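Shown next, in structure tokens, is the structure this report addresses.
Following this line, the structure appears as structure tokens:
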């Protein structure tokens, strides 16, 4: 825990560092310009800058004057000072702060009026005016403000009615600006000096870099922690291949298990039906499947729990590969659930037809999902599948389409169903269609185990397995059908095993009916429709239903879920089941 | 381990934040002006010269258009204005207006930060194939403009003394500057003395022979020959109030431009004097019975060698225009 907290903290710090780094270059980024202004005391119509002020902060400066008859003139400092002469003016000496210019007021040098008159006598109007102003006193009747416009002294000048602006590039030497307000309404001009600033973002890269490192470190740490904890939860890993053998065995067992099938078939049915009630019947059925020679149910459960079962189906694996591993897991989980009902019998199918898997696989990329589902379907449907399988065995080819369809349509419903824990439904569906349920049930068990195995086996390969499983199931059924079920393979198969069917069937049917109604696909017909191509029309039907079941599960349902299914199937105490299962039960009950 | 790491990270972040804050509190920039140069730069830049000449050209054109000397006020003063005014009066009857090119081939400006300021420039040769003019522009005070004070035709064969590049500026020369063989004021005075006294002047040898003085002498002799014994002729040469202006040259000497007024008065004794067309036009009659007063305004430009030099003062150019004639 502490480590997780620390890891999270690390992530937070990383984010904070990144945030600060970015903020330093955006929110807190310094202004691109340094602008400072000042307005001299009233009565002063001229403002000059001290040498060095213009290039105070940058080589380029923009001088703006706001005043009536604004004039901005630039010249050598000596010229500017000479022009201003003895008149009152303000001198900008530098920055008071980042927004204000420091100014010094320079009072006019008062001279005797005579002097003022002498000046004009010399024939110079401008100076005359300038000197008259002080002579007459600043308070009374101010003389026209000195007008610097047009002087030969200026290197550059601008003027405007209310404002003037001048931009200047620094040059060697001492330069000053004369800002003046001219005309009758001359007032103290507001002078604004603006320098462009080179804004650097020294913290952006370091901040983001360090932050990214911290964040990555934190995330990695967290990931490691999570992984570790998961491993711990799963417990010791069992070699994947073991299951393979198991699967094989199961498969082999499956065939023979015909009898069990019935038992199992019943079980699954019950299981399905029972979703609500299931556990009870499942328990009863459980024993039947047990025969699945090699593996004990416990073993199977354990395997499922561990999720180690998988490899068994190895052969089939190749087909599905495309499907994401995740799905595999899902499938695996699904499988188990499926197994819940069908699982019991499922194994058998698996071994039979890898080709089927391939076919499906080939079916289409799209099928990737579909196939899986399809494959899954069979597994889930195991109970159902079996029926299909039996009927269908030949239909392997046909199934795929069904699966596809089922996958297409059902996805949602299926998925929901699956998630909801309706697997049973699927199973039921399968069962329903077929009165075959019984058969289905049987085969299913065998199939399902196989499938279950496959799913189990693969955390990843599972998918591939499943498909194969599905195919196998299909094929398997064939064999079976050939065996005994085949004749009944068609829907009749149910008939073949009427009792079971009956037992199971009624309940299933009702449920199935309900679900079918929900689903676009009408009962067996729709299924059959799909199936028909198979030739063993009936077979397909079952398949479809079965497929849906598998397909649906996108989300990984924990090994636990599958385990629960198993438990139920095998009649273990419901108490062990997870909450989900319970919910499923209720849902199903509702469905009924 | 993780704890210490976290602490370190925290510390690093804190340090970073502090550094950021510190970075924000950059000290205010202070003005760092260049020190005032020991030698002032050229008072007028090339751009300013061009601007001034363009303005001069505009004012001159306006004045010529209106033939109104007062319109020249903004840019033309002193002898230039006087001479131009006389030329306006003579109008079509008299000599054509002096063509004043306003493009310069050579500019001499002072390196100074004081006033008055002076600028000499040699114009490009006028279109009428007259000699280039040496223009003198002066700026008495900071709030004055540079105004054309005089122009002088450069004499044939005259070579303008070298001056410093206008970008650097030339040495200002005061009217009474003693670093020259003769100060500008003394130079002008000497020249006038020479005009008045001729070979009897102690400065006769100070100046080389020049077309201006020669012309003045010839004119005087002509009138004198007219008057003969029938009356008397007096002639005075007087420097104007303004000027002379001078700018140092590369050889340590100076170019000096002065202006003076020449007044020739003829008094008749019981006789009449018949005068030529132009003069008659000005006077209003071609037969004078008592007296005749002729006024000329002249501009003369010298190259004064530095002190200690035995070189004669060279007269670079001049202008001599009759500005008034009265008689009865």
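Residue numbers (my numbering), protein chains in the order written: chain A, -5 to 586; chain B, 3 to 330.
We put the beta carbon where it would ideally sit given N, CA and C, even for glycine.
These numbers come from a predicted model, not from an experiment.
Proximal residues of chain C, C-beta to C-beta of residue i below 9 Å
i	result
residue 76 of chain A	Going by chain labels, chain C is absent from the structure shown, which instead holds the protein chains A and B.
DSSP state of residue i mapped onto helix, strand, coil
i	result
residue 91 of chain A	strand
residue 219 of chain B	helix
residue 277 of chain B	coil
residue 141 of chain B	strand
residue 155 of chain B	strand
residue 79 of chain B	coil
residue 370 of chain A	Residue placement at residue 370 of chain A is flagged as unreliable, the pLDDT there being 38, under the threshold of 50; a coordinate-derived value is accordingly withheld.
residue 324 of chain B	strand
residue 266 of chain B	strand
residue 286 of chain B	coil
residue 67 of chain B	helix
residue 56 of chain A	strand
residue 132 of chain B	coil
residue 16 of chain B	helix
residue 21 of chain A	coil
residue 176 of chain B	coil
residue 213 of chain B	helix
residue 73 of chain B	helix
residue 290 of chain A	coil
residue -3 of chain A	helix
residue 4 of chain A	helix
residue 332 of chain A	With a pLDDT of 38 at residue 332 of chain A, under the threshold of 50, the modelled position of this residue cannot be trusted, and the question is left open.
residue 313 of chain B	coil
residue 85 of chain B	helix
C-beta atoms of residue i and residue j nearer than 8 Å
i	j	result
residue 257 of chain B	residue 110 of chain B	yes
residue 330 of chain B	residue 290 of chain B	yes
residue 90 of chain B	residue 67 of chain B	no
residue 9 of chain A	residue 205 of chain A	yes
residue 135 of chain B	residue 155 of chain B	yes
residue 145 of chain B	residue 18 of chain A	no
residue 81 of chain B	residue 327 of chain B	no
residue 102 of chain A	residue 81 of chain A	yes
residue 104 of chain B	residue 184 of chain B	no
residue 150 of chain A	residue 180 of chain A	no
residue 173 of chain B	residue 222 of chain B	no
residue 147 of chain A	residue 197 of chain A	no
residue 71 of chain B	residue 86 of chain B	yes
residue 26 of chain A	residue 164 of chain A	no
residue 5 of chain A	residue 209 of chain A	yes
For residue j and residue i, believed in contact at Cβ under 8 Å, the rounded distance
i	j	result
residue 167 of chain A	residue 70 of chain A	7 Å
residue 74 of chain B	residue 102 of chain B	Incorrect: roughly 11 Å between the Cβ atoms, too far for contact.
residue 31 of chain A	residue 185 of chain A	6 Å
residue 209 of chain B	residue 307 of chain B	Incorrect: roughly 12 Å between the Cβ atoms, too far for contact.
residue 189 of chain A	residue 51 of chain A	4 Å
residue 261 of chain B	residue 301 of chain B	5 Å
residue 309 of chain B	residue 180 of chain B	7 Å
residue 213 of chain A	residue -2 of chain A	At roughly 12 Å, the Cβ-Cβ gap does not stay under 8 Å, so residue 213 of chain A and residue -2 of chain A are not in contact.
> How do the region 234 to 250 of chain B and the region 126 to 134 of chain B stand: do at least 3 beta-carbon pairs fall below 8 Å, yes or no?
Replying inline: no
>> At a CB distance below 8 Å, what residues from the region 178 to 209 of chain A approach chain B? Give them in sequence order.
In response: 196, 197, 200, 201, 204, 208
> Which of the residues in the region 194 to 207 of chain B, read from start to end, lie with their CB under 9 Å from any CB of chain A?
Replying inline: none
>> Using 8 Å as the cut-off, can you tell me whether the region 162 to 180 of chain B makes contact with the region 244 to 258 of chain B, which would need three or more C-beta pairs spanning the two stretches below that distance?
In response: yes
> Any contact of the region 156 to 163 of chain A with the region 11 to 21 of chain A, i.e. 3+ C-beta pairs under 8 Å?
Replying inline: no
> Pairing CB atoms from the region 80 to 88 of chain A with CB atoms from the region 36 to 56 of chain A, are three or more of them under 8 Å?
Replying inline: yes
> What residues in the region 5 to 20 of chain B bring their beta carbon closer than 9 Å to a beta carbon of chain A?
Replying inline: Those residues of the region 5 to 20 of chain B that come within reach of chain A (Cβ to Cβ, closer than 9 Å) are 5, 7, 8, 11, 12, 14, 15, 18, 19.
> Which of the residues in the region 246 to 268 of chain B, read from start to end, lie with their CB under 7 Å from any CB of chain A?
Replying inline: none
> Would the region 283 to 297 of chain B and the region 308 to 322 of chain B be scored as touching if the rule is three or more Cβ pairs under 8 Å?
Replying inline: By the criterion of at least three beta-carbon pairs nearer than 8 Å, the region 283 to 297 of chain B is not in contact with the region 308 to 322 of chain B.
> Listed in chain order, which residues of the region 57 to 86 of chain A have Cβ atoms closer than 8 Å to some Cβ of chain B?
Replying inline: 70, 71, 72, 73, 76, 77, 79
>> Residues of the region 3 to 18 of chain A in Cβ contact with chain B at a cutoff of 8 Å, in chain order, please.
In response: 3, 4, 7, 10, 11, 14, 18
> According to a CB-to-CB cut-off of less than 8 Å, which residues of the region 164 to 177 of chain A neighbour chain B?
Replying inline: 166, 167, 168
> Can you list, in chain order, the residues of the region 25 to 36 of chain A whose Cβ is nearer than 7 Å to any Cβ on chain B?
Replying inline: none
> What are the residues of the region 148 to 178 of chain B that lie near chain A, defined by any Cβ-Cβ distance shorter than 8 Å?
Replying inline: 148
>> Closer than 9 Å between beta carbons: that is the criterion. Which residues of the region 88 to 100 of chain A meet it against chain B?
In response: 88, 89, 90, 91, 92
> Quick one, which residues of the region 142 to 162 of chain A are near chain B if we go by CB-CB under 9 Å, in chain order?
Replying inline: Against chain B - using a Cβ distance shorter than 9 Å - the residues of the region 142 to 162 of chain A are 142, 144, 145, 146, 147, 148, 149.
> According to a CB-to-CB cut-off of less than 7 Å, which residues of the region 38 to 56 of chain A neighbour chain B?
Replying inline: 44, 45, 46, 47, 50, 51
>> Using a Cβ-Cβ cutoff of 9 Å, what residues of the region 29 to 42 of chain B are near chain A? List them in chain order.
In response: 30, 31, 32, 33, 34, 35, 36, 37, 38, 39, 42
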